[in-house]
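If you read the protein sequences in the order shown, they are chains A and B.
Residues in the first sequence are numbered consecutively from 9, following this note's numbering.
Residues in the second sequence are numbered consecutively from 9, following this note's numbering.
There are 2 protein chains.
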Amino acid sequence: MNERDIRELRSLIDSQITTIYPSGPKSLTQTIRYVLEAGGKRLRPILTLLSAQTFGTTITRALPAAIAVEILHNFTLVHDDIMDEDSTRHGQPTVHEKWDLGNAILTGDAMLSLALRILQNNGESHDLMTVFTTGLLRVCEGQALDKEFETDKNVSLEDYIQMIDLKTGHLIGLASEMGAIVANADAKTRIAVRDYGRLIGRAFQIQDDLLEIYSDSEIMGKSLKSDIILGKKTFLMIKAREVSSIEIDKAVKQTRENFAKGKQEIQNILNDMGVTRLTQDYIAEIICSANEKIADIPHDMTDILYFSDMITRRNN
Amino acid sequence: MNERDIRELRSLIDSQITTIYPSGPKSLTQTIRYVLEAGGKRLRPILTLLSAQTFGTTITRALPAAIAVEILHNFTLVHDDIMDEDSTRHGQPTVHEKWDLGNAILTGDAMLSLALRILQNNGESHDLMTVFTTGLLRVCEGQALDKEFETDKNVSLEDYIQMIDLKTGHLIGLASEMGAIVANADAKTRIAVRDYGRLIGRAFQIQDDLLEIYSDSEIMGKSLKSDIILGKKTFLMIKAREVSSIEIDKAVKQTRENFAKGKQEIQNILNDMGVTRLTQDYIAEIICSANEKIADIPHDMTDILYFSDMITRRNN
């Protein structure tokens with residue numbers, strides 16, 4: 009497994025995903041194509057494919073499940089962008105920004121139905137559908153908690169981890185588990201690789217929290233302002249508030265008047281407090297725990313460990 | 009079958025549907041309970057139960073499918089109310105009105121996942137899931153066309169019928185078909201009863217168009233203003249435009265300044281043109297065609313024909 013192999017998997021996913029809805033009302037076909045052609049890293053479906061291959065089936069056999077996972081992920085992005093008032097995603101206007109609110113809601117709904125139909129039409133197992141529909145509910149619950157936390161001053165680190173596990177962890181756990189299900193892996197393996205994915209998701213979300221503070225929106229390809237200004241609880245913000253909530257609240261307030269200045273101020277505070285370093289260490293620790301989850305699986309786990317490395321290295 | 013039997017089925021549905029999401033983030037449990045406790049006529053799940061019973065299975069066996077159908081229907085209402093900017097539903101504020109936009113989007117999404125999970129957890133057949141997920145896509149497509157038509161001056165009656173068949177017909181066809189699937193009816197019967205449901209849905213939607221013009225919002229329990237003011241294409245409006253678009257457009261414009269006066273004006277025009285009478289006749293004709301669809305099924309169809317009568321008689 010190397011970077012070129014990953015690029016090939018990504019191309020395969022890109023080529024398949026854009027053909028899933030060739031005809032229908034124009035207001036849906038154009039928005040769905042727009043969302044699915046915008047690209048993205050395709051990390052979740054790549055994980056599904058690597059997992060399926062690891063446990064003994066072909067990429068081709070696992071492709072419908074991988075595509076369904078990626079469409080589910082994109083469905084959540086379209087709806088979350090409305091809720092979070094985000095105007096940019098993958099470097100282009102979000103659906104509700106480019107078209108309108110109604111169109112964006114409907115685009116998400118239709119995408120979800122397409123993902124479900126891919127699973128159904130490929131005669132996927134009852135287990136796969138159960139895991140998929142449960143994942144959908146958990147993602148909604150995670151997003152609900154995320155919104156609740158915006159106006160809650162007393163969000164503990166434990167609450168936060170529970171929220172990101174639902175919102176991000178479950179979906180990545182679903183991606184790895186679905187690959188194992190398609191490959192008919194045994195129950196113990198399925199659970200191990202699911203728990204691996206969930207921890208990778210946890211690390212991934214905390215990386216996002218870090219990148220949000222230290223990246224430009226150009227590199228991230230999405231508008232970063234909203235999360236900070238909305239007062240989203242993140243790993244770094246909660247840790248910083250444990251040290252001094254007055255200091256960090258002042259800097260967040262500053263972002264509403266002068267975003268660049270406020271963000272610089274937040275960076276300085278987090279560095280001074282040692283929160284940035286602590287967060288980087290914590291991410292490395294979680295990825296390490298994720299790898300431990302799959303250490304006893306009697307298969308060659310090289311490809312999945314390569315995936316962990318990709319996550320470790322990511323900068324967008 | 010009589011009115012009391014129907015009330016009993018409705019009570020059964022009401023009692024079951026409100027227990028489907030006992031715990032989760034508060035912002036979801038309270039909105040979902042609010043939507044599902046608001047009641048409504050429960051026509052779709054009643055049809056599922058009647059269909060299942062007609063084809064030889066028990067109400068208990070068909071209840072999960074019926075509940076899933078009703079939740080699917082309510083999911084579409086929550087999202088459609090956002091898109092159509094409706095502020096009242098079943099005589100109470102809509103979710104986005106009482107809470108907020110994000111909460112309403114998420115409430116719909118979570119409801120959909122709950123409907124899917126009910127089917128999954130009851131070990132329902134692959135066929136049932138396929139019919140359900142296809143129905144979901146068709147409903148989205150119907151709503152997409154409905155929105156497209158708002159700004160399209162050249163919507164023909166044929167376009168309109170195609171749109172309502174997707175938006176309303178498919179869901180009621182799904183309700184009747186799911187009952188037949190649960191009862192293991194043969195393919196020919198399934199299709200006949202599905203087509204019956206689709207035609208009932210078509211009649212139902214045109215009745216809605218009629219009630220919108222002739223009922224108060226108190227009786228309908230929803231805000232009627234928006235549909236007329238948004239320029240929604242309805243059977244009556246399209247028919248009236250065939251006679252004189254100038255006259256009817258003037259009255260629609262009037263509703264934006266003085267709703268009551270404009271609506272009275274629309275009523276007068278539709279009566280004078282004979283469109284009201286023609287619409288009533290057309291609805292009766294569709295229900296007649298629906299009944300013909302199931303005429304050759306070798307089962308006692310009394311209960312389903314009773315359902316047709318209920319639809320014929322409805323005034324809200």
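The beta carbon of each residue, even a glycine, is placed where N, CA and C say it ideally should be.
{"Query": "To the nearest angstrom, how far is it from the Cα of B/C148 to the Cα of A/L219?", "Result": "36 Å"}
{"Query": "Flag this pair as yes or no: are the beta carbons of A/G177 and A/G131 separated by less than 9 Å?", "Result": "no"}
{"Query": "Strictly under 9 Å for the Cβ-Cβ distance: is A/N323 near chain B by that measure?", "Result": "no"}
{"Query": "Does the Cβ of B/S35 have 16 or more other Cβ atoms within 10 Å, making it buried, or fewer, making it exposed?", "Result": "buried"}
{"Query": "Say whether the segment 305-318 of chain A touches the segment 58-66 of chain A, bearing in mind that this needs 3 or more beta-carbon pairs closer than 8 Å, one atom from each stretch.", "Result": "yes"}
{"Query": "For B/P101, which of helix, strand or coil comes out of DSSP?", "Result": "strand"}
{"Query": "Strictly under 9 Å for the Cβ-Cβ distance: is A/I169 near chain B by that measure?", "Result": "no"}
{"Query": "Quick one, which of A/L174, A/D88, A/E45 has its alpha-carbon nearest A/Q24's?", "Result": "A/E45"}
{"Query": "What is the rounded straight-line gap between the Cα of B/V6 and the Cα of B/T39?", "Result": "Because chain B here runs from 9 to 324, residue 6 of chain B falls outside it and cannot be looked at."}
{"Query": "The segment 109-129 of chain B: which residues have C-beta closer than 8 Å to a C-beta of chain A, in chain order?", "Result": "L109, G110, N111, I113, L114, G116, D117, A118, L120, S121, L122, L124, R125, Q128, N129"}
{"Query": "Chain A partners of B/S95, CB-CB under 9 Å?", "Result": "Near B/S95 there are no residues of chain A at all, since even the closest Cβ is about 15 Å away, more than 9 Å."}
{"Query": "Please list, in chain order, the chain B residues whose beta carbon lies closer than 7 Å to that of A/A73.", "Result": "Ordered by position in chain B, no residue passes the 7 Å Cβ test against A/A73, which lies about 15 Å from the chain."}
{"Query": "Report the rounded CA-to-CA distance for A/L55 versus B/I199, giving the unit in angstroms.", "Result": "40 Å"}
{"Query": "Assuming B/V139 and B/T115 make a contact with CB atoms under 8 Å, what is their CB distance in whole Å?", "Result": "In fact, because the Cβ distance is near 24 Å, the residues do not count as touching under 8 Å."}
{"Query": "Is the beta carbon of A/I67 closer than 9 Å to that of A/M318?", "Result": "no"}
{"Query": "Which residue's Cα is closest to the Cα of A/I90: B/N111, B/T320, B/T287?", "Result": "B/N111"}
{"Query": "Please list the segments of the alpha helix (DSSP H) lying wholly inside the segment 51-134 of chain A, counting only runs of 4 or more residues, in order along the chain.", "Result": "51-62, 67-91, 103-106, 109-129"}
{"Query": "Determine, using beta carbons only, whether A/S19 comes closer than 9 Å to chain B.", "Result": "no"}
{"Query": "Cβ closer than 9 Å: which chain B residues qualify as neighbours of A/I90?", "Result": "L109, G110, I113"}
{"Query": "With C-beta atoms as the reference, is B/A268 less than 9 Å away from B/I256?", "Result": "no"}
{"Query": "Under the rule that 16 or more other beta-carbon atoms within 10 Å means buried, what is B/P30, buried or exposed?", "Result": "exposed"}
{"Query": "Could you pull out every unbroken alpha helix (DSSP H) segment of at least 4 residues lying fully inside the segment 230-286 of chain A, listed in chain order?", "Result": "233-237, 243-265, 267-281"}
{"Query": "Quick check on B/Q151 - is its C-beta less than 9 Å from some C-beta in chain A?", "Result": "yes"}
{"Query": "Classify B/Q128 as buried or exposed, calling it buried when 16 or more other Cβ atoms lie within 10 Å of its own Cβ.", "Result": "buried"}
{"Query": "Which of the three DSSP states is assigned to B/A211 in this structure?", "Result": "helix"}
{"Query": "Does the beta-carbon distance from A/I236 to A/V260 come in below 9 Å?", "Result": "yes"}
{"Query": "Name the two residues that bound the continuous alpha helix (DSSP H) containing A/T320.", "Result": "310-321"}
{"Query": "Which residues of chain B have a Cβ atom closer than 8 Å to the Cβ of A/L87, listed in chain order?", "Result": "One detail in the question is off: residue 87 of chain A reads as His in this sequence, not Leu. Here the neighbours are I113, L114, D117."}
{"Query": "With 9 Å as the threshold, decide whether the Cβ of B/P53 is near any Cβ in chain A.", "Result": "no"}
{"Query": "Taking 9 Å as the threshold (beta carbon to beta carbon), is B/L145 in contact with chain A?", "Result": "yes"}
{"Query": "For B/I221 versus B/S184, is the C-beta spacing smaller than 9 Å?", "Result": "no"}
{"Query": "Strictly below 7 Å CB to CB, what residues from chain A border B/M137?", "Result": "Q128, M137"}
{"Query": "Excluding the five sequence neighbours on either side, which residues of its own chain have a C-beta within less than 7 Å of the C-beta of B/Y168, listed in chain order?", "Result": "K241, F243, I246"}
{"Query": "Reducing DSSP to helix, strand and coil, say where B/G187 ends up.", "Result": "helix"}
{"Query": "With a 10 Å radius around its C-beta and 16 neighbouring C-beta atoms as the bar for buried, classify B/E166 as buried or exposed.", "Result": "exposed"}
{"Query": "Please look up how many angstroms separate the CB atoms of A/G64 and A/A191, rounded, as I've assumed it's under 8 Å.", "Result": "5 Å"}
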